[in-house]
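Structure record follows, encoded as structure tokens.
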Amino acid sequence: MEKKIGLYICKGCGIGEAVDVEKIQNIAKNALRVPVVAVSDVLCSSQGVELIKKDIAEQGVNSIVIAGCSPRVKTYEFTFPGCFVERVPVRELAIWSIEDASEKQLAAEDYIKMGVIKAQKADIPEPYIIEIAKSILVVGGGISGMTAALEAARAGYDVVVVEKEPELGGFARKLYKRVPTDDFTKGVLGEVNLEPLINEVTSNPKIKVYTSSKIERIDGQPGDFDVTIAKEGSTETIKIGAIIQATGWKPYDAKKLAKKYGYGKFKDVVTNFEFEEIAKNNNGVIKRPSDHRVVKSVLFVQCAGQRDPEHIPYCSGMCCATTLKQARYVTDGNPDATAMVIYKDIRTPGKLEYYYKEAQNTPGVMLAKGEVTGIKEEWDKLIVTVEDSLLGEKVEIEAEMVVLATGMVPTTKEPQDYLIGLAEAAAKGDEAKAKYIETTKKPEFILNLGYRQGPELPFLEGGFGFVDSNFICFQYETRRTGIYAVGPVRQPMNMTESQEDARGAALKAIQCIEHVAKGMAVHPRAWDTSYPEPNLSKCTACKRCTEECPFGAIDEDEKGIPFYKPNRCRRCGTCMGACPERIVSFKDYSVDMIGSMLKNVSVPSEDERPRIIVLCCENDAFPATETAAFHRLKLDPALRFIQLRCLGSMNLVWIADALSRGVDGMLLLGCKFGENYQCHFAKGSELAKYRLGKVQETLDRLQLESDRVQMYEVAIDEYWRIPDIVNEFMEKIRQIGPNPFKGF
Numbered sequence: 001m002e003k004k005i006g007l008y009i010c011k012g013c014g015i016g017e018a019v020d021v022e023k024i025q026n027i028a029k030n031a032l033r034v035p036v037v038a039v040s041d042v043l044c045s046s047q048g049v050e051l052i053k054k055d056i057a058e059q060g061v062n063s064i065v066i067a068g069c070s071p072r073v074k075t076y077e078f079t080f081p082g083c084f085v086e087r088v089p090v091r092e093l094a095i096w097s098i099e100d101a102s103e104k105q106l107a108a109e110d111y112i113k114m115g116v117i118k119a120q121k122a123d124i125p126e127p128y129i130i131e132i133a134k135s136i137l138v139v140g141g142g143i144s145g146m147t148a149a150l151e152a153a154r155a156g157y158d159v160v161v162v163e164k165e166p167e168l169g170g171f172a173r174k175l176y177k178r179v180p181t182d183d184f185t186k187g188v189l190g191e192v193n194l195e196p197l198i199n200e201v202t203s204n205p206k207i208k209v210y211t212s213s214k215i216e217r218i219d220g221q222p223g224d225f226d227v228t229i230a231k232e233g234s235t236e237t238i239k240i241g242a243i244i245q246a247t248g249w250k251p252y253d254a255k256k257l258a259k260k261y262g263y264g265k266f267k268d269v270v271t272n273f274e275f276e277e278i279a280k281n282n283n284g285v286i287k288r289p290s291d292h293r294v295v296k297s298v299l300f301v302q303c304a305g306q307r308d309p310e311h312i313p314y315c316s317g318m319c320c321a322t323t324l325k326q327a328r329y330v331t332d333g334n335p336d337a338t339a340m341v342i343y344k345d346i347r348t349p350g351k352l353e354y355y356y357k358e359a360q361n362t363p364g365v366m367l368a369k370g371e372v373t374g375i376k377e378e379w380d381k382l383i384v385t386v387e388d389s390l391l392g393e394k395v396e397i398e399a400e401m402v403v404l405a406t407g408m409v410p411t412t413k414e415p416q417d418y419l420i421g422l423a424e425a426a427a428k429g430d431e432a433k434a435k436y437i438e439t440t441k442k443p444e445f446i447l448n449l450g451y452r453q454g455p456e457l458p459f460l461e462g463g464f465g466f467v468d469s470n471f472i473c474f475q476y477e478t479r480r481t482g483i484y485a486v487g488p489v490r491q492p493m494n495m496t497e498s499q500e501d502a503r504g505a506a507l508k509a510i511q512c513i514e515h516v517a518k519g520m521a522v523h524p525r526a527w528d529t530s531y532p533e534p535n536l537s538k539c540t541a542c543k544r545c546t547e548e549c550p551f552g553a554i555d556e557d558e559k560g561i562p563f564y565k566p567n568r569c570r571r572c573g574t575c576m577g578a579c580p581e582r583i584v585s586f587k588d589y590s591v592d593m594i595g596s597m598l599k600n601v602s603v604p605s606e607d608e609r610p611r612i613i614v615l616c617c618e619n620d621a622f623p624a625t626e627t628a629a630f631h632r633l634k635l636d637p638a639l640r641f642i643q644l645r646c647l648g649s650m651n652l653v654w655i656a657d658a659l660s661r662g663v664d665g666m667l668l669l670g671c672k673f674g675e676n677y678q679c680h681f682a683k684g685s686e687l688a689k690y691r692l693g694k695v696q697e698t699l700d701r702l703q704l705e706s707d708r709v710q711m712y713e714v715a716i717d718e719y720w721r722i723p724d725i726v727n728e729f730m731e732k733i734r735q736i737g738p739n740p741f742k743g744f
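Using UniProt numbering, read the sequence shown as starting at 1 and increasing by one per residue.
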């Protein structure tokens with residue numbers, strides 16, 4: 001379809017009073033050759049919207065540039081199916097944030113010029129449509145997995161559940177009782193009755209269950225995964241649309257606590273998980289392992305190895321409530337018995353606080369704040385040394401059994417630890433890698449992904465073993481599109497929380513299937529129908545795109561040439577920024593497009609008037625800038641903001657192009673990165689920082705100072721920092737002086 005651009009200028013919100021709209025119309029018609037230019041007093045009104053719709057119908061306008069307010073408002077009014085729409089926030093970036101009237105006019109002209117250039121360079125994206133499987137794979141048949149499967153089936157989707165054990169139920173099968181979920185004040189323990197849930201899963205015609213089975217391999221992409229299931233020596237490959245990993249957790253290895261707590265040395269020192277098994281095997285009566293005698297005194301160590309850098313640096317979330325429950329086992333099984341809980345802190349959030357208060361008043365249950373420093377055995381008793389935190393004294397307590405609250409470790413930790421070690425060995429060379437493989441026991445992998453970047457889901461930095469679910473911005477979303485983590489593989493949680501988590505993950509998997517069916521990105525650009533279209537004839541097989549893609553969307557063929565799986569892609573453009581040959585582009589986002597925009601920004605010829613280009617991500621930095629404008633915080637008029645999908649899409653050629661044209665400096669504003677990253681695309685801001693470290697070569701070639709290019713991290717709610725960042729950077733530019741290329 002032939003492109004026809006329409007520019008629509010809104011005079012509302014003070015725009016008409018602040019700038020010469022007629023002058024901008026003339027620039028658009030004559031200099032930019034825009035065929036349709038119109039002005040409206042209030043463009044978002046019904047009359048303004050009808051004006052645009054009329055031009056679409058009668059004049060064939062299909063590329064629309066709206067000069068007015070932020071693209072984050074009036075999204076419903078300015079949605080025109082089948083058309084390319086570019087929003088130019090003149091109100092925020094020119095009218096509200098600049099003081100001087102002449103500078104407002106110049107800024108408005110620049111921003112509208114860039115918006116028109118973007119429309120000229122862009123094509124209307126065509127969605128990537130393939131035949132998909134509207135089915136969901138759930139790996140793990142515990143509480144989380146069964147709940148997710150049922151929720152998806154109730155919504156009308158086919159579900160396949162793969163469980164490695166002979167029966168469904170997961171860790172919950174090992175429990176004697178569960179913490180109350182309704183009436184917390186009476187202290188009545190809940191029954192662990194899994195049969196109704198299991199029967200509902202196995203009898204649902206939408207759910208197919210594989211027990212004693214494992215995932216041998218997963219290939220493909222969302223909507224078109226090829227999943228190979230192994231069972232009893234045979235394999236079966238099925239088509240799947242989306243995947244939920246709900247493989248749960250394992251108890252922490254208490255043997256690592258032997259030195260401090262005597263585990264393994266004293267038979268009557270057990271973990272809370274072993275204690276649960278004792279209660280279940282004896283129908284609630286607690287008999288100690290050494291002589292099977294019914295106990296009269298049990299001491300619970302809360303926590304044992306948790307929130308300890310040497311063992312588990314995090315809190316498992318469920319242990320405090322579990323200990324209070326198990327204390328009731330002691331007193332319910334023997335009314336004459338005493339349960340003593342020595343705790344660092346008691347963490348029972350929400351309604352569980354009522355359960356904690358009820359435990360404080362339970363006869364036979366004693367709670368004391370302190371830290372266990374040692375355990376020894378005398379005759380048939382255990383002597384526990386405790387440092388009392390309240391009195392500051394060291395005391396010894398006699399008990400017949402000691403129970404260690406050891407915490408939970410995700411099932412993903414062991415494979416992840418192995419892969420980390422393998423990567424570290426590989427970095428040292430082929431010989432070190434071969435030795436590692438030979439001497440290190442390979443754990444049982446779970447998903448066995450056929451991805452270039454590894455067989456399992458990426459993990460959080462810090463080595464705790466939990467799947468990286470982008471928990472700050474998008475719950476459940478892992479760095480593998482269409483694969484969702486749920487339950488204790490995502491973060492520590494109890495059974496009730498796991499069931500709530502599973503419902504959310506099921507909805508996310510459904511959303512994924514429906515978006516892929518329409519050729520749209522799954523998240524975070526959930527409306528985006530574009531996808532990367534590389535010119536592979538110019539590819540040098542440098543592997544930068546395949547290595548840097550945060551989502552494993554790019555594999556390689558046998559020659560090392562990248563091979564895109566579009567449905568894995570999140571449309572961040574990281575590959576576009578990574579490619580030194582600049583061969584990757586989207587129909588509505590490309591290196592040439594952004595380069596042309598910044599090349600057409602006005603550069604004052606006077607030395608004392610600087611010009612700064614600000615590249616900022618659309619998810620944090622740009623909204624923060626607009627919020628600063630909303631609060632009428634004034635910014636230096638030298639700035640021109642260009643919004644990027646992600647700072648990870650920044651190509652270094654843009655810096656060279658801008659500075660060689662006379663721009664005095666470039667400011668990069670990205671999301672916060674690191675362990676608690678806020679980047680919607682996981683690694684984009686971090687990759688931009690990495691690339692910026694290599695920009696010195698470009699600046700040296702141009703004989704320019706490195707301080708002309710700076711990067712800052714900004715959270716979406718830190719709008720108040722924007723003027724300070726700008727002023728700090730502008731001061732550096734003033735000290736450096738004008739760009740020597742200015743005026744050429």
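For each residue, glycine too, the CB sits at the ideal point set by N, CA and C.
Through-space distance from residue j to residue i, alpha-carbon basis
i	j	result
Cys549	Ala425	22 Å
Lys4	Pro723	38 Å
Asp55	Pro488	54 Å
Tyr157	Val516	15 Å
Ile613	Ala658	8 Å
Lys53	Ile64	10 Å
Val365	Ala629	59 Å
Gly693	Val403	52 Å
Leu536	Gly115	29 Å
residue 757	Lys231	What the structure shows of the chain is the stretch from 1 to 744, and residue 757 is not part of that stretch, so it cannot be assessed.
Thr373	Lys260	7 Å
Leu635	Arg91	13 Å
Gly16	Ile130	47 Å
Phe474	Val161	24 Å
Residues near residue i in its chain [Cβ-Cβ closer than 7 Å; skip 5 each side]
i	result
residue 764	This structure does not reach residue 764, given that the chain is present from 1 up to 744, and the question cannot be answered.
Pro71	Arg87, Pro89
Val21	Ile9, Lys11, Val39
Gly220	Asp226
Pro35	Lys4, Ile5
Residue from the options with nearest C-alpha to residue i
i	options	result
Tyr356	Lys113, Val179, Ala629, Glu167	Val179
Ala405	Lys441, Val285, Val341	Val341
Thr412	Pro251, Gly429, Glu371, Gly374	Pro251
Ile655	Met318, Glu387, Ser596, Ala67	Ser596
Val37	Cys44, Ser45, Lys23, Ser46	Lys23
Val138	Leu175, Glu438, Ser46, Gly482	Gly482
Pro150	Ser203, Val294, Lys683	First, the amino acid is wrong: residue 150 is Leu here, not Pro. Among Ser203, Val294, Lys683, the Cα nearest to that of Leu150 belongs to Ser203.
Glu718	Ser660, Thr625, Leu647	Thr625
Ile215	Lys255, Glu163, Lys174	Glu163
Where residue i sits in the DSSP three-state scheme
i	result
Tyr176	coil
Asp528	coil
Cys44	coil
Asp20	coil
Met146	helix
Lys732	helix
Lys214	strand
residue 745	Outside the modelled stretch of the chain, which goes from 1 to 744, sits residue 745, for which no answer is possible.
Val159	strand
Ala399	strand
Tyr314	coil
Ala339	strand
Glu424	helix
Cutoff 6 Å; reference residue i; Cβ partners in own chain excluding five residues on either side
i	result
Ile554	Cys545, Thr546, Pro562, Tyr564
Ser135	Asp158, Ile240, Gly241
Glu675	Glu461, Gly462
Glu414	Pro443
Sequence-distant residues of the same chain with beta carbon closer than 8 Å to residue i, five excluded per side
i	result
Trp379	none
Chain B contact for residue i (CB, 9 Å cutoff)
i	result
Lys435	Absence of chain B from the displayed structure is noted, only one protein chain being present.
What are the start and end residues of each continuous beta strand (DSSP E) run of 3 or more residues lying completely inside the segment 509 to 585, in chain order? 554 to 556, 562 to 564
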